[in-house]
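Asks: Can you keep this structure in mind? I'll have questions shortly.
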Amino acid sequence: MSKLKKFGISQNINQGITDVMNAVSANVNVRYGIIPLTKIEIDPDNPRELLVIPQDIKNGISDLDPNAARKKDEIAMLDSLAETIKKEGVINPVIVYKLNNENYRLVAGERRLLASTLAAQQDIPAKIHLKKPDHFTLKLLQWVENTERVDLSLKEKINNLKSIVDAYSEQHSGIVITVELIRELTGLSRPQAIRYVAVLQASKDLKQLIDDNRINNLEKAALISGVQEPQIREKVIIACLDGMPLKHLKNLLTQEKNKLHQEDKQTVKVKQERRGRKRVGVELGRVSNTQVVKKLVHAVLALPVYKKFEEKFDAVNWDQYDQASKAFKKILEILEG
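Residue numbers (my numbering): 1455 to 1791.
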């Protein structure tokens, strides 16, 4: 089984989070508590993009709901966590901020919130920010939460990472997405950062396949993103959608590039041979006036040595292109004979 890869946290970011948490301990704007589940609202911008909400779990999902099938699948995936919560409770508090005097907005811990609702719990332990964190801190907290998840789709991972970059760019104008920036923000290894940058900068058609969850493998998506030749790209995408393993995709890409390289070499060779081939004849061009051909033929026949061939041209209708053309060919044969 291949080793699961997930986000890490860079040393600078990790130190930043540590400093924030240390400050939080002494900050009256953050506290821990037990909150009724009914007082917590789901963050609509959560990068996981779950469709199911607590009301769906409590009231049931209507068959008229256009997203009924997906919501039921999401609830089924929460069953195991709900059973754990029934037995052991919620070990890690969710993170919220105070929305108004009555309610809170969820920052991180959506699965725990939904699973607690599914487990028929009344309340949940929470770390409470009394003020809404700034945009970058909010996205960073959500991202740190999601680094522990292995069930995220590639679409969710990309959107999650993009939200961090977008939030960071709000504080640092004019930034460019680079491998080093992604490494600094996430702590990813260089190869992983290169793959994410490739996908972040991918073409619209590839991004659409990722959005549709038809491509859910980062390495495959990055491989396709790097293919510039349209005919090869199409073959690799089709093979990927058919479920071809990454190793075989790489082999296919190598074979197709080698084949294209050989075809290009052969094309160049043929062109060079055509340019360098020794001429064995002279092209006399084309004329649209048949009377020009008549004058040339008669000029040749006027020479004493060729007068004996005059009768062969007596019946030629010089106004007809086909007859004039045949007469010209015939005089050339005589001259070459």
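Glycine included, C-beta positions come from ideal geometry on N, C-alpha and C.
Roughly how many angstroms lie between the CA atoms of Ser1479 and Ile1582, to the nearest whole one?
Replies: Within the sequence shown, numbered from 1, the residue matching residue 1479 stands at position 25. Within the sequence shown, numbered from 1, the residue matching residue 1582 stands at position 128. No answer about Ser1479 holds up, because its pLDDT of 49 lies below 50 and its placement is not dependable.
Asks: What is the DSSP secondary structure of Glu1495, counted as helix, strand or coil?
Replies: Numbered from 1 along the sequence shown, position 41 holds the residue referred to as residue 1495. Strand.
Asks: Excluding sequence positions up to five away, which residues of its chain have a Cβ less than 7 Å from the Cβ of Lys1459?
Replies: The sequence position of residue 1459 within the sequence shown is 5, counting from 1. Only weak support is given to the placement of Lys1459: the predicted model assigns it a pLDDT of 48, under 50, and the value that follows is read from those uncertain coordinates. Answer for Lys1459: Gln1646, listed in chain order.
Asks: Throw me the rounded Cβ distance for the Leu1592 and Ile1511 pair, which I believe falls under 8 Å.
Replies: Residue 1592 sits at position 138 when you count from the first residue of the sequence shown. Residue 1511 sits at position 57 when you count from the first residue of the sequence shown. Actually they do not touch by this definition, with Cβ atoms about 25 Å apart.
Asks: Span of the alpha helix (DSSP H) holding Asp1696?
Replies: Taking the sequence shown and counting its residues from 1, one reaches residue 1696 at position 242. No alpha helix (DSSP H) contains Asp1696, which DSSP labels as neither H nor E.
Asks: Just to confirm the assignment, what range does the beta strand (DSSP E) spanning Leu1560 have?
Replies: The residue labelled residue 1560 in the question sits at position 106 within the sequence shown. Counting along the chain, the beta strand (DSSP E) containing Leu1560 begins and ends at Tyr1558 to Ala1562.
Asks: Quick one, which of Leu1608, Leu1654, Pro1758 and Ile1494 has its alpha-carbon nearest Gln1576's?
Replies: By one-based count along the sequence shown, residue 1576 stands at place 122. Of the listed residues, the one whose Cα sits closest to Gln1576 is Ile1494.
Asks: Using three-state DSSP, classify Asp1577 as helix, strand or coil.
Replies: Here the question's residue 1577 lines up with position 123 in the sequence shown. Strand at Asp1577.
Asks: In chain order, what residues of the same chain have a beta carbon less than 7 Å from the beta carbon of Glu1764, not counting five sequence neighbours either side?
Replies: Taking the first residue of the sequence shown as position 1, residue 1764 is located at position 310. For Glu1764, where only same-chain residues beyond five positions count, the Cβ hits under 7 Å are Leu1755.
Asks: Who are the Cβ neighbours of Ala1778 in its own chain at under 6 Å, not counting the five residues just before and after it?
Replies: Here the question's residue 1778 lines up with position 324 in the sequence shown. Taken in chain order, the residues that qualify are Thr1744, Val1747 and Trp1772.
Asks: Can you look up Ala1477 in the DSSP assignment and give me helix, strand or coil?
Replies: Taking the first residue of the sequence shown as 1, we reach residue 1477 at position 23. In this prediction, Ala1477 scores a pLDDT of 49, lower than 50, which makes its location untrustworthy; no coordinate-derived value is stated.
Asks: Suppose you measure from the CA of Leu1695 to the CA of Ala1676; what does that come to, to the nearest Å?
Replies: Here residue 1695 refers to the residue found at position 241 when the sequence shown is read from its first residue. Here residue 1676 refers to the residue found at position 222 when the sequence shown is read from its first residue. Taking the straight line joining both Cα atoms gives about 14 Å.
Asks: Closer than 7 Å by C-beta to Leu1553: which residues in its own chain qualify, once you throw out the five before and the five after it? Chain order, please.
Replies: For the purposes of this step, residue 1553 is taken as the residue at position 99 of the sequence shown. Glu1495 and Arg1559.
Asks: Do you know how far the Cα of Lys1749 is from the Cα of Asp1776?
Replies: In the sequence shown, the residue the question calls residue 1776 occupies position 322. In the sequence shown, the residue the question calls residue 1749 occupies position 295. The straight-line gap from Cα to Cα measures roughly 16 Å.
Asks: So, under 8 Å CB-CB, Leu1665 and Lys1609 are touching, yes? Tell me the CB distance rounded to an integer number of Å.
Replies: By one-based count along the sequence shown, residue 1665 stands at place 211. By one-based count along the sequence shown, residue 1609 stands at place 155. Residue 1665 is actually Asp in this sequence, not Leu. Asp1665 to Lys1609, Cβ: 6 Å. Contact.
Asks: With C-beta atoms as the reference, is Val1561 less than 8 Å away from Ile1549?
Replies: Locating residue 1561 in the sequence shown gives position 107, where the first residue counts as 1. Locating residue 1549 in the sequence shown gives position 95, where the first residue counts as 1. Yes. Within cutoff.
Asks: Given this structure, state the Cα-to-Cα distance separating Ile1788 from Lys1762, to the nearest angstrom.
Replies: For this step, residue 1788 is matched to residue 334 along the sequence shown. For this step, residue 1762 is matched to residue 308 along the sequence shown. Approximately 11 Å, taken between the alpha carbons.
Asks: Do you know offhand how far Pro1547's Cα is from Ile1489's?
Replies: Within the sequence shown, numbered from 1, the residue matching residue 1547 stands at position 93. Within the sequence shown, numbered from 1, the residue matching residue 1489 stands at position 35. Roughly 10 Å between the two C-alpha positions.
Asks: Pick out the complete beta strand (DSSP E) segments inside the segment 1504-1566, 3 residues or longer, and give them in chain order.
Replies: Correct list: 1548-1552 and 1558-1562.
Asks: Distance check for Ala1573 and Ala1530, CA to CA, integer angstroms please.
Replies: Here residue 1530 corresponds to residue number 76 of the sequence shown, with the count starting at 1. Here residue 1573 corresponds to residue number 119 of the sequence shown, with the count starting at 1. Their Cα atoms are separated by approximately 12 Å.
Asks: State whether the segment 1632-1647 contacts the segment 1656-1664, with contact taken as three or more CB pairs (one from each stretch) at a distance under 8 Å.
Replies: The segment 1632-1647 is not in contact with the segment 1656-1664.
Asks: For Pro1645, does the three-state DSSP call read helix, strand or coil?
Replies: The residue given as residue 1645 occupies position 191 in the sequence shown. The answer is helix: DSSP assigns Pro1645 an H, G or I state.
Asks: Under DSSP, the alpha helix (DSSP H) around Tyr1622 begins and ends at which residues?
Replies: The residue you call residue 1622 lines up with position 168 of the sequence shown. That run of the alpha helix (DSSP H) goes Leu1608 to Gln1625.
Asks: Assuming Lys1711 contacts Ile1686 (C-beta within less than 8 Å), just tell me the rounded distance between them.
Replies: The residue you call residue 1711 lines up with position 257 of the sequence shown. The residue you call residue 1686 lines up with position 232 of the sequence shown. Correct: roughly 6 Å between the Cβ atoms.
Asks: Between which residues of its own chain and Leu1584 is the CB-CB distance below 6 Å, once the five residues before and five after are set aside?
Replies: Sequence index remark: in the sequence shown, residue 1584 carries index 130 (1-based). The answer, listed in chain order, is Asn1483 and Lys1552.
Asks: My output table needs one value for Ile1686: the three-state DSSP class, helix, strand or coil.
Replies: Mapped onto the sequence shown, residue 1686 falls at position 232. Ile1686: helix per DSSP, three-state reduction.
Asks: Between Leu1700 and Asn1670, is the Cβ-Cβ spacing less than 8 Å?
Replies: Taking the sequence shown and counting its residues from 1, one reaches residue 1700 at position 246. Taking the sequence shown and counting its residues from 1, one reaches residue 1670 at position 216. The answer is no: Cβ separation not under 8 Å.
Asks: Mapping the DSSP letters down to three states, classify Lys1457 as helix, strand or coil.
Replies: The residue given as residue 1457 occupies position 3 in the sequence shown. Residue placement at Lys1457 is flagged as unreliable, the pLDDT there being 48, under the threshold of 50; the coordinate-derived value follows with that caveat. Coil.
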